[in-house]
Amino acid sequence: MKKLINFLTWQRVSSSEIHFKNLQKESFLLLLYALFYVFLAIFIAYIITQFPLPILGAHDFIQDFWYAGVFKFTFLLIIPIWIFFKVWKYSLHDLLFGLKPSISMVIKGTLLIAVGFFLNTKHLVPIASQIPDYQDAPIRLFIGVMLPLFIAGIPEELFFRAMLQTRLEKLWNTPMAILVSGILFTAWHIPSRFFLADGVDGQAGDLISVLVGTGLPVFIVGAFFGWHWSRFRNLPVLILTHWAIDILPSVSSFFGISF
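Numbered according to numbering that gives the first Met the number 0, the sequence shown spans residues 0 to 258.
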């Protein structure tokens, strides 16, 4: 039992070793922004129901311009990056915590990324069958593969793990930081699915189906990512794993496939 606890709680860089320019102010702002983001999700979902702008006619609302371009890219990537680097004047070094690649790290990271990708292999056959029907298939493939990196992998891990959770670990403790950041990470997924989901994520208007189809799996994944971040402080691996999980569902959407 002691070995298991040590394995779960060991940290490459503990929160006690991390220093911030203004911990209280930064933590408060990030918590406030995370709550704002939940309410923004409600507004964006409403906009999509009234004025949908699907990118290349994508099937899933996640590939709608309002969701991908405004909600995710602008408000969860561009604005937090501007705050972190320009307003607070941190550097990339402050996100890596002295990370130095090793053979062991590359192997373990590659395996984790591969597991993330193969979680959604059910999409492969339908995608392959649909590709010949689209003259612009290469463009759809490229956008379908790259979009999740810039609207999911980078912004979600940067904001909820590297920025928010790290400060909450220092402010409170690691378990509480993982829990709170995980709840906030899950919370902004719910409104859009409640208004727009139609499939494994739940059914629009049915809160229970959305909580089961979206809330539960997102919270579990968020908790795992939170634990992994607290233990290894390896942002590149988290970003690439998150990206790998989302690639095939994203490509499916651009080829009109739904589950």
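Note that beta-carbon positions come from the ideal geometry of N, C-alpha and C, so glycine has one too.
### Query
Would you call G56 buried or exposed, if buried means 16 or more other Cβ atoms sit within 10 Å of its Cβ?
Indexing the sequence shown from 1 puts residue 56 at position 57. The Cβ neighbour count for G56, taken over all protein chains shown within 10 Å, is under 16; the residue is labelled exposed.
### Query
Which runs of the alpha helix (DSSP H), 4 residues or longer, sit entirely within the region 51-75?
Positions of the alpha helix (DSSP H) runs, each at least 4 residues long and wholly inside the region 51-75, cannot be given because no such run exists.
#### Entry: Close beta carbons around F96, own chain, < 8 Å, minus the five adjacent residues each side
Looking up residue 96 in the sequence shown gives position 97. These residues qualify, in order along the chain: R11, V12, I17, R232.
### Query
What's the gap between the Cα of H122 and the Cα of W242?
Working through the sequence shown from its first residue, we reach residue 122 at position 123. Working through the sequence shown from its first residue, we reach residue 242 at position 243. Inter-residue distance for H122 and W242 is about 15 Å (C-alpha atoms, whole angstroms).
### Query
Residue range of the alpha helix (DSSP H) that A44 falls in?
Reading the sequence shown from its first residue, position 45 is the one you call residue 44. Segment 22-49, the alpha helix (DSSP H) holding A44.
### Cβ shell of A136 (< 6 Å), same chain only, five flanking positions each side left out
The sequence position of residue 136 within the sequence shown is 137, counting from 1. The answer, listed in chain order, is I130.
### Task
Quick one: give me the first and last residue of the alpha helix (DSSP H) that L140 is part of.
Reading the sequence shown from its first residue, position 141 is the one you call residue 140. In the DSSP assignment, L140 falls within the alpha helix (DSSP H) that extends over 136-147.
### Task
Check whether the Cβ atoms of I246 and G108 sit closer than 9 Å, and answer yes or no.
As a position in the sequence shown, residue 246 is number 247, starting the count at 1. As a position in the sequence shown, residue 108 is number 109, starting the count at 1. Pairing I246 with G108 gives a Cβ-Cβ distance that is not under 9 Å.
### Message
Using 9 Å as the threshold, is the C-beta distance between A186 and L195 below it?
### Response
Residue 186 sits at position 187 when you count from the first residue of the sequence shown. Residue 195 sits at position 196 when you count from the first residue of the sequence shown. 9 Å or more divides the Cβ of A186 from the Cβ of L195.
### Query
At which residues does the alpha helix (DSSP H) containing A113 begin and terminate?
Within the sequence shown, the letter at position 114 stands for residue 113. 102-117 is the span of the alpha helix (DSSP H), which, as asked, contains A113.
### Query
Got a sec, what are the start and stop residues for the alpha helix (DSSP H) F19 sits in?
The residue labelled residue 19 in the question sits at position 20 within the sequence shown. That residue, F19, is in no alpha helix (DSSP H); it is neither H nor E in DSSP.
### Message
Check for me: the alpha helix (DSSP H) holding Q10 runs from which residue to which?
### Response
Your numbering for residue 10 matches position 11 in the sequence shown. No alpha helix (DSSP H) holds Q10; DSSP gives it neither H nor E.
#### Entry: For G212, the nearest candidate out of W226, D200, P125 (CA to CA)
Sequence index remark: in the sequence shown, residue 212 carries index 213 (1-based). Residue D200 is the option with its Cα nearest to G212.
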